[in-house]
Amino acid sequence: MTPPISRGFRGRRRSEVDADRLPPGQYATSDFPVLSAGPTPRTSLADWSFAVGGAIGQARSWTWDEFTALPAETVTVDIHCVTKWSKFDTTWTGVPVDVLLEGTEPWGDFVVAWCDGGYTTNLPIAEVTGGRAWVAYEYGGEPLDAEHGGPARLLVPHLYFWKSAKWIRGLNLSAEDEPGFWENYGYHNYGDPWKEQRYWGD
Amino acid sequence: MVTIREIRAETPHAKTLVLDVPGWPGHRSGQHVDVRLTAEDGYQAQRSYSIASAPEGADLELTVERIDDGEVSPYLTEDAQAGDQFELRGPIGGYFAWDASSGGPLLLVGGGSGLVPLMAMLRHLRAAGSDVDARLLLSARSIEDVLYRDELDRLAGGTAAVHLTLTRGPAPPGWTGWTRRIDRAMLAAVGPEPDRRPRIYVCGPTPFVEEAARLLVALGHEPTSVHTERFGPTGE
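In C-alpha cells, the structure reads:
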C-alpha cells in the first residue's frame with residue numbers, strides 16, 4: 013500500500029549525506045543529541061568499578077585504573093538513535109567486550125548491561141562479542157562526558173543506540189533474556205536499525 | 164493515515180494541528196507520536212511530536228514549533244493546510260506519561276515548547292476532575308513565546324499553580340513572574356518539598372533539562388522521580 017503523499021512536502025535532501033549509510037527513517041545530524049531517562053548520574057572515578065558476572069564461570073571486576081589499563085581500541089563508527097537521528101564517523105576509545113569476557117567461561121546466552129541510575133538494557137551475547145561491542149570511556153579523544161554516558165558506556169553501534177547503555181557498571185550474563193528499561197516501555201527487544209526495529213511488534 | 168482538520172496559531176512560531184485519526188486507540192498524557200511525511204517522489208522524513216491534547220479530548224492535537232533549519236516543522240507550521248495527510252504512528256512512550264489515577268503531587272518543569280506534553284498532563288488533570296496538587300514552572304524566552312497563554316491563565320485559577328519565568332527581556336508591563344534562567348532558588352520556591360515525593364516531569368531543550376534535573380536532584384528529589392524528555396540540539 014503506497015503511503016499518502018503529503019501535499020507540497022519536499023524535504024531537505026542533503027546531497028553530502030551518503031544515503032547508503034542512513035538506515036530507514038533516519039536523518040543525519042552533526043550535533044550529538046542527549047536523550048536519557050532521568051537526571052544524569054555523576055559517579056566519581058574513585059567510586060567506579062566494572063563487573064562481569066552472572067551465568068559465568070569466573071566473575072571479574074576492575075577498578076577504574078585497572079579497567080583503563082586493559083587493552084583498548086579506538087574505533088570510528090556510525091551511530092543510530094531510535095528517535096531518528098544518525099551521526100556518522102563518531103570516534104570512541106574503549107575496551108572490547110571480548111577482552112572483558114576472556115577467560116570468564118560465560119554460559120549464559122543473554123547479557124544485561126546494568127548502570128548507575130538504574131538503567132538496564134538486554135542483548136544476546138552474540139551481539140556484544142566477535143568485535144561488535146566495547147565499553148567506551150573516551151569520545152573524540154576526550155574523556156566521555158557524563159551527559160553522554162561517562163565515565164563509561166557500552167558501545168554497540170550496529171543496534172539502536174539505546175542498547176549502548178550509558179553509565180554502565182557491569183554486564184550480567186543470564187540463561188534467560190530479561191528485557192531492560194526501554195524494552196519494558198515498548199521498545200523493540202532486538203533493535204536493528206536496518207530493519208527499523210524501533211518498537212515491539214516491528 | 165491522518166488528515167489535518169484544522170490548524171490553529173499558538174504563537175508566531177508554533178501551531179496546533181487538529182487531526183482526524185481513524186481508529187485512534189487513545190493515549191496517556193505525556194506520550195508522543197511519530198509523524199511521517201512522503202514527498203511526491205517517495206522521499207520520506209519522520210519526526211516525533213508530543214501529543215498536546217488530553218486523553219479525554221475529542222480530537223488528537225499536536226503543537227509543533229517551527230525550527231529554523233528544520234526539515235519537517237517548517238512544512239507543518241507554514242505549508243500544511245486543512246485536508247493535508249500524513250502518516251502517524253502512536254501513541255508512543257510509556258516512561259514519560261502520567262495518569263491522574265497515579266496521584267501526586269505533580270511538578271511539571273518546561274522549557275519553551277517542552278510545555279506541550281506537560282500541557283496534555285494539565286488538560287488531563289482538569290478533565291479528570293482531579294484535585295492533585297499540581298505545579299507548573301515554565302521557562303520561555305519572552306511572553307510572545309509562551310504557548311497556550313490564555314489557557315494557562317485559566318488553569319492558574321484552580322487546576323494548578325502556574326509559575327513563569329522569561330529569560331530574554333524585556334518583561335511585559337506589570338509582570339509579576341520571574342525574569343531569569345531557572346535556578347535552585349526558583350525551583351525551591353515552586354516546590355513541593357522532596358519529602359512530599361512529587362512525581363516530576365521535565366521537558367524541553369537538552370541543556371534546559373540537564374540543568375533542571377541536576378537542580379532538582381541537588382534539592383533532594385529522588386532521581387528516579389525526575390522523568391525527563393529532552394529534544395533539540397546540544398550544540399556540540
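Same order as they appear, the protein sequences are chains A and B. In this note's numbering, each residue carries its 1-based index in the first sequence increased by 12. In this note's numbering, each residue carries its 1-based index in the second sequence increased by 163. Glycine included, each C-beta is placed from N, C-alpha and C at the ideal position. None of the values given here were measured: they were computed from a predicted structure.
Item: Under 8 Å, do His-326/B and Val-365/B count as touching if we go by C-beta distance?; Value: no
Item: Thinking Thr-107/B and Leu-299/B are a contact (beta carbons under 8 Å), I'd like their distance in whole angstroms, please.; Value: Only positions 164 to 399 of chain B appear in the structure, and residue 107/B is not among them; the question remains open.
Item: Less than 8 Å between the beta carbons of Pro-83/A and Val-111/A, yes or no?; Value: yes
Item: Any residues in the region 44-74 of chain A with a beta carbon nearer than 9 Å to a beta carbon of chain B? Which ones, in chain order?; Value: Phe-44, Pro-45, Val-46, Leu-47, Ser-48, Ala-49, Gly-50, Pro-51, Thr-52, Pro-53 and Arg-54
Item: Distance cutoff 8 Å, beta carbons only. Does Ser-236/B sit that close to anything in chain A?; Value: no
Item: Thinking C-beta only, is Arg-344/B closer than 8 Å to Leu-378/B?; Value: no
Item: Taking DSSP's pairing of strands, which residues face Ser-61/A in a bridge?; Value: Thr-75/A
Item: Going by beta carbon distance, what residues of the same chain come within less than 7 Å of Glu-188/A, once the five residues before and after it are set aside?; Value: Phe-122
Item: Go ahead and pull the three-state DSSP assignment for Phe-100/A.; Value: strand
Item: Considering only C-alpha positions, which residue in the set Ser-264/B, Gly-337/B and Arg-312/B is nearest to Arg-362/B?; Value: Ser-264/B
Item: At least one CB of chain B closer than 8 Å to the CB of Pro-15/A: is that the case?; Value: yes
Item: Against His-390/B, what residues of chain A qualify as contacts under a CB-to-CB distance less than 8 Å, listed in chain order?; Value: Ala-49 and Gly-50
Item: Taking the alpha carbon of His-92/A as the point to measure from, which residue in Leu-57/A, Gly-65/A, Arg-33/A and Phe-21/A has its own alpha carbon closest?; Value: Arg-33/A
Item: Gly-23/A and Tyr-212/B - do their beta-carbons sit closer together than 8 Å?; Value: no
Item: Which term fits Ala-221/B, buried or exposed, when burial requires 16 or more other beta carbons within 10 angstroms of its beta carbon?; Value: exposed
Item: State whether the region 269-276 of chain B contacts the region 300-307 of chain B, with contact taken as three or more CB pairs (one from each stretch) at a distance under 8 Å.; Value: yes
Item: Are the CB atoms of Pro-35/A and Trp-206/A nearer to each other than 8 Å?; Value: yes
Item: Quick check on the DSSP output: the beta strand (DSSP E) that includes Glu-250/B runs from which residue to which?; Value: 248-255
Item: Strictly under 8 Å for the Cβ-Cβ distance: is Leu-200/B near chain A by that measure?; Value: yes
Item: Quick one: give me the first and last residue of the alpha helix (DSSP H) that His-287/B is part of.; Value: 278-290
Item: Counting only beta-carbon atoms, is Gly-277/B nearer than 8 Å to chain A?; Value: no
Item: Would you say Glu-159/A reaches chain B, if we count a Cβ-Cβ gap shorter than 8 Å as a contact?; Value: yes
Item: Under 8 Å by Cβ, that's how I've got Thr-391/B and Ala-49/A pegged, so tell me the actual separation to the nearest angstrom.; Value: 7 Å
Item: Compare the Cα-Cα distances from Arg-199/B to each of Leu-251/B, Gln-244/B and Leu-269/B and report the closest residue.; Value: Leu-251/B
Item: So Val-389/B and Ala-376/B are supposed to be a Cβ contact under 8 Å. How far apart are they, rounded?; Value: 5 Å
Item: Taking only beta-carbon positions, decide if Ile-255/B is within less than 8 Å of chain A.; Value: yes
Item: Inspect the beta-carbon positions of Val-87/A and Trp-76/A and report whether they are closer than 8 Å.; Value: no
Item: Could you tell me which of Gln-248/B, Gly-395/B, Thr-240/B and Thr-328/B sits nearest to Ile-170/B, measuring between CA atoms?; Value: Thr-240/B
Item: Could you check whether the Cβ of Tyr-206/B sits closer than 8 Å to any Cβ belonging to chain A?; Value: yes
Item: For Lys-207/A, name the three-state secondary structure that DSSP assigns.; Value: helix
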